[in-house]
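Chemist: So that we are looking at the same thing, I have put the structure below in structure tokens.
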Amino acid sequence: MMNIKAKRNIAHKTKILNHARESKNIANTLGSVEKLFILGKELMNEMARNN
Numbered sequence: 001m002m003n004i005k006a007k008r009n010i011a012h013k014t015k016i017l018n019h020a021r022e023s024k025n026i027a028n029t030l031g032s033v034e035k036l037f038i039l040g041k042e043l044m045n046e047m048a049r050n051n
């Protein structure tokens, strides 16, 4: 039986991998990594405005 720390570690790594896959899909859809960074910057700015 895995301990809680190991389960959290696995969950965290899975989350990172899923975000990487999502980012790759967005980059392919937009056609360039540059557009992905611009989209990310806009998202971060929007999040900052909401907080």
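Under full-length UniProt numbering, the first residue of the sequence shown is numbered 1, with each subsequent residue one higher.
Ideal placement from N, C-alpha and C gives every residue a C-beta, glycine not left out.
The model shown is predicted, which means the values in this text are computed figures rather than measured ones.
1. Glycine 40 lies in the alpha helix (DSSP H); which residues open and close that run?
2. Roughly how many angstroms separate the alpha carbons of glutamate 42 and isoleucine 10, rounded to a whole number?
3. Under the assumption that alanine 27 contacts leucine 36 (Cβ atoms under 8 Å), give the Cβ distance between them as a whole number of angstroms.
Modeler: Judging by the given coordinates:
1. Taking the sequence shown and counting its residues from 1, one reaches residue 40 at position 40. Unbroken alpha helix (DSSP H) run through glycine 40: 33 to 50.
2. Working through the sequence shown from its first residue, we reach residue 42 at position 42. Working through the sequence shown from its first residue, we reach residue 10 at position 10. So the two alpha carbons sit approximately 30 Å from each other.
3. On the sequence shown, residue 27 is found 27 positions in, with the first residue counted as 1. On the sequence shown, residue 36 is found 36 positions in, with the first residue counted as 1. Contact holds; Cβ gap of about 4 Å.
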